[in-house]
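Here the structure is laid out as structure tokens; the discussion comes afterwards.
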Amino acid sequence: MKSYFKWILALFLSFGVSWASAADTEIGAGDTLRINVYGHPDLALETRISDSGNITFPLIGDVKVGGLSPSAAAKKIAGLLERGGYLRNPQVNIAIAQNLSQQVSIFGQVTRPGRYPVDGKRSLTDILAVAGGMTADAGDTVTLVRTRDGKTIKETLDIHSMVKNGDMHKNLELRTNDVIYVERAPRFYIYGEVQHPGTYKLERNMTVIQALSVGGGLSPRGTDRGVKLKRRKPDGTLYEVSAKHEDIVQTDDVVYVRESLF
Numbered sequence: 003m004k005s006y007f008k009w010i011l012a013l014f015l016s017f018g019v020s021w022a023s024a025a026d027t028e029i030g031a032g033d034t035l036r037i038n039v040y041g042h043p044d045l046a047l048e049t050r051i052s053d054s055g056n057i058t059f060p061l062i063g064d065v066k067v068g069g070l071s072p073s074a075a076a077k078k079i080a081g082l083l084e085r086g087g088y089l090r091n092p093q094v095n096i097a098i099a100q101n102l103s104q105q106v107s108i109f110g111q112v113t114r115p116g117r118y119p120v121d122g123k124r125s126l127t128d129i130l131a132v133a134g135g136m137t138a139d140a141g142d143t144v145t146l147v148r149t150r151d152g153k154t155i156k157e158t159l160d161i162h163s164m165v166k167n168g169d170m171h172k173n174l175e176l177r178t179n180d181v182i183y184v185e186r187a188p189r190f191y192i193y194g195e196v197q198h199p200g201t202y203k204l205e206r207n208m209t210v211i212q213a214l215s216v217g218g219g220l221s222p223r224g225t226d227r228g229v230k231l232k233r234r235k236p237d238g239t240l241y242e243v244s245a246k247h248e249d250i251v252q253t254d255d256v257v258y259v260r261e262s263l264f
């Protein structure tokens, strides 16, 4: 069932990317622009925007383009060329060759962690898809850290519910310098008289009987009556309780199967 959900999530991410027009992207310091003027190859230029948001363009000198869209910057340069008497009705085209100013960071359990451009409108699932999707060790939640009006905001988003229930109002639009962290799935431990003791990924609402099946079931010496749960209190101390098959396993629980006495 869980593998089916992962397949649905991967499919959702691969088709859910909405690629916005680069013309809507705000350009800024560090971006590299490719500028062409129709019919004037001598004015072709590839240049990096300075920290102050300026570029130096032939004939007209310094031009502030930081904070503008490519189309607005092209219109500004065209106006300066015309008003300066250099060209009549110039046709200027600007493309972003490298976008370094509008980026978000994604870390944790994704295939390709790193920094990615938000050229236009990009949602959380867009960036997850660009980063290659979530790994097999990923949990159901994503932490989003962003700064708004000088305040740092941290929000936990449930990707499982977003996809399973179509709860897309939490598929937030990302902005420059947002940080996404894909959490590692919680773990539980199973030891004693089972076929495959060890550490396993804790699935949502996993029961004791499901946990036992993940561990390969009881060994020939194991007994259902000897299943115990070891769980930590808030102060870190361990306590032990008898476990029923329908009990829900919690993060860091230890499922222990004792040896049958008969």
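Residues in the sequence shown are numbered consecutively from 3, following my numbering.
Positions of the beta carbon are idealized from the N, C-alpha and C atoms, including for glycine.
Extent of the continuous alpha helix (DSSP H) to which residue i belongs
i	result
PRO236	It is not in any alpha helix (DSSP H) - PRO236 carries neither H nor E in the DSSP assignment.
SER215	210–216
PRO72	72–85
Extent of the continuous beta strand (DSSP E) run through residue i
i	result
ARG186	181–186
ALA46	Where ALA46 is concerned, there is no enclosing beta strand (DSSP E), given that its DSSP letter is neither H nor E.
LEU35	34–39
GLU261	256–261
ASN56	56–59
PRO119	116–119
ASN95	94–100
ILE192	189–194
TYR202	200–203
GLN197	Run containing GLN197: none; DSSP gives neither H nor E here.
LYS123	Counting along the chain, LYS123 falls outside any beta strand (DSSP E), and DSSP gives it neither H nor E.
LYS270	The first residue shown for the chain is 3 and the last is 264, placing residue 270 beyond what the model contains.
ILE108	105–110
CB contact flag (residue i, residue j, <8 angstroms)
i	j	result
LEU35	ILE96	yes
GLY55	GLY81	no
THR154	VAL144	no
ARG253	LEU204	For the sequence presented, residue 253 should be read as Thr rather than Arg. Closer than 8 angstroms, so yes.
VAL106	GLY135	no
TYR258	TYR193	yes
THR209	GLU242	no
GLN100	ASP33	yes
LEU61	TYR40	no
THR178	VAL132	no
VAL65	ILE51	no
LYS230	ARG260	yes
PRO72	ILE98	yes
ALA76	VAL94	yes
LEU2	PHE59	The structure shown does not extend to residue 2, since the chain is modelled only from 3 to 264, so the question has no answer here.
HIS162	ARG206	yes
Where residue i falls, given that 16 or more other Cβ within 10 Å makes a residue buried
i	result
GLY141	buried
SER244	exposed
GLY219	exposed
ALA187	buried
GLY63	exposed
ALA138	exposed
SER23	Note that SER23 scores a pLDDT of 46, beneath 50, so its modelled location is shaky; the value from the coordinates is reported in the next line. Classification of SER23: exposed, given that the 10 Å Cβ count is below 16.
THR239	exposed
ASP255	buried
ILE250	exposed
ASN104	In the sequence as presented, Asn is not what sits at residue 104; that position holds Gln. Buried, by the Cβ-count rule.
PRO43	exposed
THR27	buried
PRO236	exposed
GLY68	buried
Residue i Cβ short of 7 angstroms to the ligand SAM heavy atom set
i	result
VAL106	As far as ligands go, the structure on display features none, and thus does not contain the ligand SAM.
Cβ of residue i within 8 angstroms of any chain C Cβ
i	result
ASP237	No chain C is present in this structure, which holds just one protein chain.
- Please go through the region 125–162 and give each complete beta strand (DSSP E) segment of 3 or more residues, from N-terminal end onward. For secondary structure counted as the beta strand (DSSP E) over 3 or more consecutive residues, the region 125–162 holds these complete runs in sequence order: 140–150, 153–160.
- Message: Whether or not the region 181–198 and the region 207–227 are in contact is what I'm after, with contact meaning three or more pairs of Cβ atoms, one per stretch, closer than 8 angstroms; do they touch?
- Response: A contact exists between the region 207–227 and the region 181–198.
- Item | Stretch pair the region 156–170 + the region 69–87: three plus CB contacts closer than 8 angstroms | They do not touch, by the three-pair rule.
- Are three or more beta carbon pairs between the region 224–235 and the region 172–188 nearer than 8 angstroms? Taking 8 angstroms as the limit for Cβ pairs, the verdict is that the region 172–188 does not touch the region 224–235.
- Would you call the region 170–184 and the region 123–130 in contact, with 3 or more CB pairs under 8 angstroms? Touching, per the Cβ criterion.
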